[in-house]
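Chemist: FYI, UniProt numbering numbers position 38 of the sequence shown as 38, with every residue one higher than the one before it. Ideal placement from N, C-alpha and C gives every residue a C-beta, glycine not left out. Remember, predicted model here, so these are calculated numbers, not experimental data. For reference, the structure I am asking about is given below.
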Amino acid sequence: MELNNKVDYDQKNLEEHQIETGNRKDTSGKDLTPEIKTDSDVKKEGHADGKSNFKEIEEEPIDDVTREKMLEEDLENTEENEDDTSENGGKDDKNPKHKVNKETVVQLIGEIDETGLKMNDAVIEKVEKILDEEIKEENAPEPLDDSSYAENEQEELSEEDTKIIEEEISEMKQNANVNTNPADPNKDWSLKYNSELDKVTASELLEGNKYVKEFFGQVAELMHGNRLSFPLKQRMRMENGKTIIDPIITRSDWDDDLNEKELESLFHFPEEFVEDATIKHKIVTDNIPNMTPQFYSGNGYVVVGGGKYSWYALLAIETLRKIGSKLPVEVFIPTNEEYEPELCEEILPKYNARCIRINSIFDEEVLKDVKITGYQYKSIALLASSFENAFLLDSDNYPVKNPDSIFDSEVYLSNTMITWPDYWRRTTSPKYYQITGKKIGKQVRYLDDEDTDPKYYTPHGELGEKEMREKVQFHNREGTIKEWTTESGQMLINKKIHFRSLLLALYYNLEGQFGYYPLLSQGGAGEGDKETFVAAATYYGLPYYQVRKKPDRAYGYFKWEGSFIDTSIIQYDPVRDYRVLQHINREIDSRIELDGREFKYDYFALQQHKVSIEISKPMFYHVHETKMDPFKLFQDRATYDESGKKLRNLGGDFPRFGFDLEAFLWKKTKEHFCVEKTPIAFLFENDKEGVREEICGEFMSQQLRFLSKSNRVLRKKLKSVDNEEFVNGNPYTIQFFQDIVNLMYENRLSFPLEQRMKMKNGKTIIDPVILLSELSDDTSEKVLEGLFHFPDNFIEDAKIKHKIITDNLPDIKPNFYKGNGYVIVGGGKYSWFSLLVVETLRKLGSELPIEIFIPSEEDYEEEFCDVILKPFNARCILINNVFNSELIEKIKVTGYQYKSLALLASSFENTFLLDSDNYPVINPDKLFESELYRKYNMITWPDYWKRTTSPKYYEIIGKEIGKRVRYLDDEYTDIKHFTPNEQSEEYLRNEVGFHDREGTIKEWTTESGQMLINKKVHFKTLLLALYYNLEGQFGYYPLLSQGGAGEGDKESFVAAASFYGLDYYQVHKKPDRAYGFHKWREELVDTSIIQYDPIRDYQALKFVNRNIDLEIEFMGLRFIYDYFELYQHKFSIQASRPMFYHVHETKLDPIELMKNLATFDLDGYKLRNLGGDFPKFGFDLEQFLWVKVKEHFCENRMNLRFIIEADKKELRELCDNFIDKEIEFLDKTHDVIIQTYDLKRPYDMLNRCTNILGDKPEKKNEGVSKDEMK
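What follows is the structure, encoded as structure tokens:
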């Protein structure tokens, strides 16, 4: 399944995307319901895909890549107007001005992480104080008190609504304990259905169709006639327009005990209330018609407006359009008095939005009897809206990611209703189920886990009624509403399927404050309409999907002295959430299959922990507290902390999704409130004391300036961390990489391949090893598919997780990488090998700095790192200075994986990775400045073998494989010269080398003992390669090689670059082998891979391509393509120049070489392990290395653990007897080879290694048999 989780962060300069407000279509006449296009209208106009292309909105859809530019343009526009914000030059005397200390800001910029993958308190705290002259170490605000928060989550009613409810309460108190509305079950409450209703269209609904009004009039009569007779006294107190709820229940932990007995104790419901409600609930539900209304069509958003909510709704609509939403919007206006003609008829149509009114479905007479207030408006708005698929948004709920795609998503189409969770556990009263007649059964789920078989978490045997009441979480039981509570600031619903649900939810809301709200929440935080929709859907057994990722809180403000209030509920993308859930379920299934009877269910570890903030993507900021009321924000000083310093109310996480919502909202506030003076009643009717002038003066200028500066700070966190901070352990980069590795750990493969689970002598057993190196070797798709079996569950699991990973890796160019240099993996014996590489580089004239990556604290050697390396302009970098050491230990990093980590941990932008046994023989420094590298940003070297990457790899990563586009590594010659005109499927599958086809990684395989890469350009490449390596041995190594020789990390880097479509240059000259030694009797093992100079190779490539062009021009139609003659043969050993000797076998462990008689042939003659080709490049590497061995092991006895811990007897043998003879032999053979070297026959010199002096054998080398090796 595909995931739509791409990290919304990119730094390209893209075209401006702004909503144009001029030259809009306007409505004709004085129509109170201006024309609005739905997606069904668009289909009628010829848009087959049903997607609207509204001309009124001069804006292209905003894709994920454009977000960074949007941030820039917002701030630029903000700054352009900063100086002219105030009309009268007035200053805000209430709020202190702070002089910016630029040095402090620069320093802070260097400390803060850009990606926003995970913010920490220190970052937020410092951003708040950015305009202060000094940044002092102070504690972050006290954690939010949940009860305090819950009190303020409740919606404040308007004065009119408050008056209505207070009158109701007064009447209720007068009639206390009197049945003012006796239930009448014998009355005929059935609704009379008029068949004309089936003919009503959506547009007629909005115009106020009489049949619709007649139908809803009957609905209102049914509900009003069955209003509750015994309203609950506990909800008859109000203060500041809010119902007083005391106590507030704030149960939020997954292990809170909320069994039936506990829930029954939370709230007292009198018997007469329960009996009355039971009868009336049955009357209502028996008479709600089971119909599919035809007067709803198309997709769109519904927002409740009216009064100040019309202002909030406009901001929500502008936000939708800013992030690329094209679907129409309907703004529900609750009363005629709140209808604003200019807003509804002129402003909103510019955004493909319009007003709808309550009297489109209810006659005025009905509304006199049914008093609708507060939360009830949302139910009415959904019913009054014309859309079939309606996305209800609170007017203070701002999307930060375009929600349009959810309408067509699998999660919505399969569930027909999507809701979002609140922070709290469900506290619905058991009395509610008694009232609704629902029988409550045994446990059928674990909180919100409905998929795992209950046998894994329920006790064996049947529980008694008492045990069920006291030991089982009540809402885990059959017949109940599932956990957790719902936060109804957003909901997507198919109104045709859920029509009965919406009607029942309307009843729950009409009878809510004194009945169903307490029944459904019992004082649970946010008690209100929030549970009515899911309760109604559950009653009718209709499906819905509730997002599993619990919400998070944005930062907030200081509402009272010492009281810090969070402003916003952050809700997450349900499409991604649904796919994560599928992954979780598959992982649990595999764990059950793997563990069998030993499987233990752990909800936190298996479920809740998996739906993390790192893997989820914010979609909505529900700004429930302060909203965007400029008067309240100004008067409450909500944009300042207690000490008068500016703060961001919505936190600093916006770089994560690429849209600075807070800056956008303030910019729009300035535009409407200060500049254009948009005629919105709320903005100007409230300006009784000239407050607008104060707000639009220095306050607004200072607020926009602060948002602009703090935006840059937050986006430059990673960019400006310098090399020294980075390698010495910058907390923000450590946090960043911790989030990356956590993401990968959470998406490790669930079905490791059994073929790679056998090991011997510390190495994975690979059998068979595939050795395809000839041009004629068949590597077609058909052949490659037969090399290795990948189970279906492995492929499906890998596919989902690869998508999650690649969608979440940030697309940034980190500025903490700077300069050029080499990186080598050290630690243990590899520190010794890396020292030899460092000395070899310096011998050849290399001047660039070198970093030795130390994989663990145990491998760190103080003298080596701080003393020995220093004269060579080299230093150690420690793994725990860049990566969280506990996390690295947890994921068990080993072997090949260290190279990926070393590349990321190195401070260089242009990094030359060298294996610690890979010795240059000419200075590689020049490559950094070469035309070749500047063009490609990545240079790799080939291995001997043809590519055997599995076609299943491309299926997993979602790459479509096309026709033939090259011949092996010849990407230049027109394919018509070696491919028939028609490339049939059969031809492509059976006759074409699979990796000659479009979408595949190019030939040949890669030998990763050396690689030069620009880490800013290839940052995502390196992150993805890290994932391939962390999941390599049992997954991606077999996928990329299928047992091909040298299976390991070698293909991970080019595979990752190819996935992202980033080019690289792979040297065309295939490697050669140096001579070697006799590892087993009669078996000569080559010691070294000889790799060649890419600059000369690139020149040869240009020459080859020109020759082919000339040949084509000369031969015309007679031209016959011959890869070997025209291409491979031209990259000869004579035309190429060696650059590296990768001494992979024996390396330079002198004692092992001595013990294994590796410097003798089978007849006992001394031999050169590295061959005799050194005159070609003028550097006798083997001689140099043995001189260094003598210096460090025997003469100076270097304080290096590998040397110190050597066996003393063997060390004496090495220094007293062996090493002088070895160096003497190398000296003599050096002179002989120089005198006899033949440039025309260089390959012979690779093998001219033994008996070249004609000396008598010193020692017979019997070799070591393979049996003995065992």
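Nearest-angstrom Cα distance between I497 and E487?
Modeler: Working through the sequence shown from its first residue, we reach residue 497 at position 497. Working through the sequence shown from its first residue, we reach residue 487 at position 487. C-alpha separation (whole angstroms): 21 Å.
Chemist: Is the CB-CB distance between V837 and N918 below 8 Å?
Modeler: Here residue 837 refers to the residue found at position 837 of the sequence shown. Here residue 918 refers to the residue found at position 918 of the sequence shown. Result yes, Cβ atoms of V837 and N918 sit closer than 8 Å.
Chemist: Where does P543 fall in DSSP's three states?
Modeler: To locate residue 543, count along the sequence shown from 1; it is residue 543. In the structure shown, P543 adopts coil according to DSSP, grouped into three states.
Chemist: Would you mind sorting R1118 into buried or exposed? The rule is 16 or more other CB atoms within 10 Å of its CB.
Modeler: For the purposes of this step, residue 1118 is identified with residue 1118 of the sequence shown, where counting begins at 1. The residue in question, R1118, is exposed, as its Cβ has fewer than 16 Cβ neighbours within 10 Å.
Chemist: Which first and last residues belong to the alpha helix (DSSP H) in which Q490 is found?
Modeler: Mapped onto the sequence shown, residue 490 falls at position 490. Run containing Q490: none in the alpha helix (DSSP H); it sits in the beta strand (DSSP E), T486 to N494.
Chemist: What does the alpha-carbon distance come out to for the pair A756 and Y1028?
Modeler: The residue you call residue 756 lines up with position 756 of the sequence shown. The residue you call residue 1028 lines up with position 1028 of the sequence shown. Correcting the residue identity first, residue 756 is Arg in this sequence and not Ala. Rounded to whole angstroms, R756 and Y1028 show a C-alpha spacing of 15 Å.
Chemist: Evaluate the contact criterion for the stretch 1127-1142 versus the stretch 1165-1176: three or more CB pairs, one atom per stretch, below 8 Å.
Modeler: yes
Chemist: Which residues in the same chain have their Cβ closer than 8 Å to the Cβ of K890, if we skip the five residues on either side of it in sequence?
Modeler: Taking the sequence shown and counting its residues from 1, one reaches residue 890 at position 890. The residues Y745, in chain order, have a CB closer than 8 Å to that of K890 in the same chain once the five nearest residues on each side in sequence are set aside.
Chemist: Give the list of continuous beta strand (DSSP E) stretches no shorter than 3 residues that lie fully inside the stretch 1043-1102.
Modeler: 1077-1080, 1083-1085 and 1089-1092
Chemist: Looking at the secondary structure, which residues open and close the beta strand (DSSP E) in which Q1235 lies?
Modeler: To locate residue 1235, count along the sequence shown from 1; it is residue 1235. Segment I1219 to T1236 is the alpha helix (DSSP H) holding Q1235; no beta strand (DSSP E) there.
Chemist: Per DSSP, N918 is paired with what?
Modeler: Position 918 of the sequence shown, counted from the first residue, corresponds to residue 918. N918 pairs with H1142.
Chemist: Report the rounded CA-to-CA distance for I244 versus I888, giving the unit in angstroms.
Modeler: To locate residue 244, count along the sequence shown from 1; it is residue 244. To locate residue 888, count along the sequence shown from 1; it is residue 888. Rounded to the nearest angstrom, the two C-alpha atoms are 51 Å apart.
Chemist: Check the C-beta distance from S616 over to K549 and give it rounded, since I have them as a contact under 8 Å.
Modeler: Taking the first residue of the sequence shown as position 1, residue 616 is located at position 616. Taking the first residue of the sequence shown as position 1, residue 549 is located at position 549. 4 Å between Cβ atoms; contact.
Chemist: Note down the Cα distance separating L714 from K1020, rounded to an integer number of angstroms.
Modeler: As a working mapping, residue 714 is identified with position 714 in the sequence shown. As a working mapping, residue 1020 is identified with position 1020 in the sequence shown. Those two C-alpha atoms are separated by around 21 Å.
Chemist: Using 8 Å as the threshold, is the C-beta distance between N397 and R445 below it?
Modeler: Taking the first residue of the sequence shown as position 1, residue 397 is located at position 397. Taking the first residue of the sequence shown as position 1, residue 445 is located at position 445. It is not a contact, given that the beta carbons lie outside the stated cut-off.
Chemist: Tell me whether F634 is buried or exposed, calling it buried when 16 or more other Cβ atoms sit within 10 Å of its Cβ.
Modeler: If you number the sequence shown from 1, residue 634 lands on position 634. F634 comes out buried.
Chemist: Identify whether A183 lies in helix, strand or coil by the three-state DSSP scheme.
Modeler: Translated into positions along the sequence shown, residue 183 becomes position 183. Looking at A183 - three-state DSSP - the assignment turns out to be coil, as it is neither helix nor strand.
Chemist: Give the secondary structure of E955 by DSSP, where H, G and I count as helix, E and B as strand, and everything else as coil.
Modeler: Looking up residue 955 in the sequence shown gives position 955. In the displayed model, E955 falls within a helix according to three-state DSSP.
Chemist: With a threshold of 16 other CB atoms inside 10 Å of the CB of N1169, please say whether the residue is buried or exposed.
Modeler: For the purposes of this step, residue 1169 is taken as residue 1169 along the sequence shown, with counting starting at 1. N1169 is buried by the Cβ-count criterion.
Chemist: Look at the Cβ atom of G523, then the Cβ atom of I283, and state whether they are nearer than 8 Å.
Modeler: Translated into the one-based positions of the sequence shown, residue 523 becomes position 523. Translated into the one-based positions of the sequence shown, residue 283 becomes position 283. Taking 8 Å as the Cβ cut-off, G523 and I283 do not qualify as a contacting pair.
Chemist: I'd like the ranges of any beta strand (DSSP E) spanning at least 3 consecutive residues and lying wholly in the stretch 579-608.
Modeler: Runs of beta strand (DSSP E) with 3 or more residues, each lying fully within the stretch 579-608, are absent.
Chemist: Looking at L941: is its Cβ nearer than 8 Å to the Cβ of E1007?
Modeler: Residue numbering aside, residue 941 sits at position 941 when the sequence shown is read from its first letter. Residue numbering aside, residue 1007 sits at position 1007 when the sequence shown is read from its first letter. The question names Leu, but residue 941 in the sequence shown is Trp. Yes.
Chemist: What number of angstroms, rounded off, separates the C-alpha of E929 from the C-alpha of L1214?
Modeler: The count along the sequence shown starts at 1 and reaches residue 929 at position 929. The count along the sequence shown starts at 1 and reaches residue 1214 at position 1214. About 42 Å.
Chemist: What residue range does the beta strand (DSSP E) around A277 cover?
Modeler: Translated into positions along the sequence shown, residue 277 becomes position 277. First-last for A277: E271 to N287, but that is the alpha helix (DSSP H), not the beta strand (DSSP E).
Chemist: Identify, in the order they occur along the chain, each residue of the same chain with its Cβ nearer than 6 Å to the Cβ of G993, setting aside the five sequence neighbours on each side.
Modeler: By one-based count along the sequence shown, residue 993 stands at place 993. Hits under 6 Å: T779.
Chemist: Which residues bound the beta strand (DSSP E) around V331?
Modeler: Against the sequence shown, residue 331 aligns to sequence position 331. Taken as a continuous stretch (DSSP letters only), the beta strand (DSSP E) holding V331 covers V329 to I333.
Chemist: Per DSSP, what kind of secondary structure is F833 in: helix, strand or coil?
Modeler: Here the question's residue 833 lines up with position 833 in the sequence shown. Here F833 sits in helix by DSSP.
Chemist: Tell me where the beta strand (DSSP E) around L882 begins and ends.
Modeler: Residue 882 sits at position 882 when you count from the first residue of the sequence shown. The residue you asked about is not Leu; residue 882 is Val in the sequence shown. It is not in any beta strand (DSSP E) - V882 carries neither H nor E in the DSSP assignment.
Chemist: Less than 7 Å between C-beta atoms, sequence neighbours within five positions excluded: which residues of the same chain meet that for R235?
Modeler: Within the sequence shown, the letter at position 235 stands for residue 235. If we look at R235 and ignore the five residues flanking it on each side, its Cβ neighbours are T243, Q513, F514 and P518.
Chemist: What number of angstroms, rounded off, separates the C-alpha of P849 from the C-alpha of D1063?
Modeler: In the sequence shown, counting from the first residue as 1, residue 849 sits at position 849. In the sequence shown, counting from the first residue as 1, residue 1063 sits at position 1063. Computed Cα separation, rounded: 26 Å.
Chemist: Please give the ranges of any alpha helix (DSSP H) in the stretch 1124-1187, keeping only runs that are unbroken, at least 4 residues long and fully inside the region.
Modeler: 1150-1155
Chemist: Looking at W420: is its Cβ nearer than 8 Å to the Cβ of D448?
Modeler: As a first step, residue 420 is located in the sequence shown; it is residue number 420 there, counting from the start. As a first step, residue 448 is located in the sequence shown; it is residue number 448 there, counting from the start. Cβ atoms of W420 and D448: not closer than 8 Å.
Chemist: So the candidates are F267, L581, P328 and Y351; which of them puts its Cα closest to the Cα of T428?
Modeler: For the purposes of this step, residue 428 is taken as the residue at position 428 of the sequence shown. With distances taken between Cα atoms, T428 lies closest to F267.
Chemist: Please classify S568: is it buried, with 16 or more other beta-carbons within 10 angstroms of its beta-carbon, or exposed?
Modeler: For the purposes of this step, residue 568 is taken as residue 568 along the sequence shown, with counting starting at 1. Its Cβ being crowded by 16 or more others within 10 Å, S568 is buried.
Chemist: Taking the alpha helix (DSSP H) that N1014 belongs to, which residues open and close that run?
Modeler: Numbered from 1 along the sequence shown, position 1014 holds the residue referred to as residue 1014. No alpha helix (DSSP H) contains N1014, which is instead part of the beta strand (DSSP E) from Q1010 to N1014.
Chemist: Using 8 Å as the cut-off, can you tell me whether the stretch 1096-1116 makes contact with the stretch 1057-1074, which would need three or more C-beta pairs spanning the two stretches below that distance?
Modeler: Touching, per the Cβ criterion.
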